[in-house]
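Visitor: So that we are looking at the same thing, I have put the structure below in structure tokens.
In the numbering used here, the protein residues as written are 4 to 95.
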């Protein structure tokens, strides 16, 4: 028969898991970029994701010759590009 875990058991297990994280060597810890902006000498300005998508969708609209009727496609493509870029940056 399976024993039901008590709150104390769960807390003890969680404490052990956190202790294992602290004991890891700094080289073992994944390093995540602090920002997703490209490195340059200019000050970093973080732009909200929705605004980035909007800007990219407008670029696609202009590249297509400003023809109407593909606004949703432009938005979805720019969303994939922006979110895909963030996912790649997070795994790098």
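Glycine included, C-beta positions come from ideal geometry on N, C-alpha and C. Bear in mind that the values here come from a model prediction, so they are computed numbers and not experimental data.
By DSSP, does residue 3 sit in helix, in strand, or in coil?
Guide: The first residue shown for the chain is 4 and the last is 95, placing residue 3 beyond what the model contains.
Visitor: Please say whether residue 82 and residue 50 have beta carbons closer to each other than 8 Å?
Guide: no
Visitor: Can you look up residue 88 in the DSSP assignment and give me helix, strand or coil?
Guide: Helix at residue 88.
Visitor: Whole angstroms is fine: what's the gap from residue 85's alpha carbon to residue 70's?
Guide: 23 Å
Visitor: When the Cα atoms are used, what is the spatial distance from residue 88 to residue 52?
Guide: 11 Å
Visitor: May I have the straight-line CA-CA distance separating residue 63 from residue 77, to the nearest angstrom?
Guide: 6 Å
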